[in-house]
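These notes are about the structure you will find just below.
Residue numbers (the working numbering): 1 to 265.
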């Protein structure tokens, strides 16, 4: 649906007219109470590519065009699809949305580089193989577990990372941050946020951290909290599901027990 234009905006729009094909345009879509911002496909996969500067101009025109469902303070879910974005481009999109009083809530992408750039810049991100259930009106089919997602960043409060495989964070996960992974979760630093490994029900998944101080741990359908009294000395630890729920062991103890189990006939 084309935006309604006022006299001031009409002249600006005519200077840069978007492609007639809606799949080659920046689009806003209201779906299930959420506002979706859909970006065009990656330039290398389109016969009529939309490059960054044109994309930015299209977004500005959409925001200034007064589309009826662009209500201030409505959280926006950015559907990046297979488009490659760096941290600066994500921040520019966020800045344009903020000018329209639209907060950027989460970024969905099928590109690993975009997911890393967004998370490193402090945005909540979900990397997926297919984005069919967001912005395309159909359920996404289950995909095989993806390759690990490596993030060299500190996850600040309010940041959520979702991934259909293992997540490895080279940095801290601060209180108020969240990691949801279908595989294992490894935090090479202080783990003080919420972590859910094996999110699709895999009870063999594990959570590992140099310093384990989580707000909450979840593995598959099991939930545990960190002890109220912190240990006198921290060691690298592993959380896993045992016979009586989630257990936490030092990495050395876990490795020894795992090795003993493998050697038992």
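Glycine included, every Cβ here is placed at the ideal spot set by N, Cα and C.
Residue state for residue 30 is assigned as strand, using DSSP reduced to three classes. For residue 52, the CB contacts under 7 Å within the same chain, skipping 5 residues up- and downstream, are 89 in chain order.
Boundaries of the beta strand (DSSP E) around residue 160: 160-163.
For residue 171, the CB contacts under 6 Å within the same chain, skipping 5 residues up- and downstream, are 153, 154 and 189 in chain order. By the beta-carbon neighbour count (other beta carbons within 10 angstroms, threshold 16), residue 255 is exposed.
Collapsing the DSSP output to three states places residue 62 in a helix. Your pair residue 241 and residue 219 checks out as a contact, with CB atoms roughly 5 Å apart and the cut at 8 Å. Distance from residue 226 to residue 236 at the Cβ level is roughly 15 Å; contact not present, criterion being Cβ atoms closer than 8 Å. Around the C-beta of residue 205, 16 or more other C-beta atoms lie within 10 Å, and the residue is accordingly described as buried. Going by DSSP, residue 91 is part of the alpha helix (DSSP H) stretching over 87-99. Between residue 248 and residue 212, the C-beta gap is smaller than 8 Å, which places the two residues in contact. Rounded to the nearest whole angstrom, the C-alpha separation of residue 29 and residue 250 is 48 Å.
In this structure, the straight-line span from the alpha carbon of residue 98 to that of residue 36 is close to 15 Å.
Looking only at 116, 32, 82 and 34, the smallest Cα-Cα distance to residue 50 is reached by 82.
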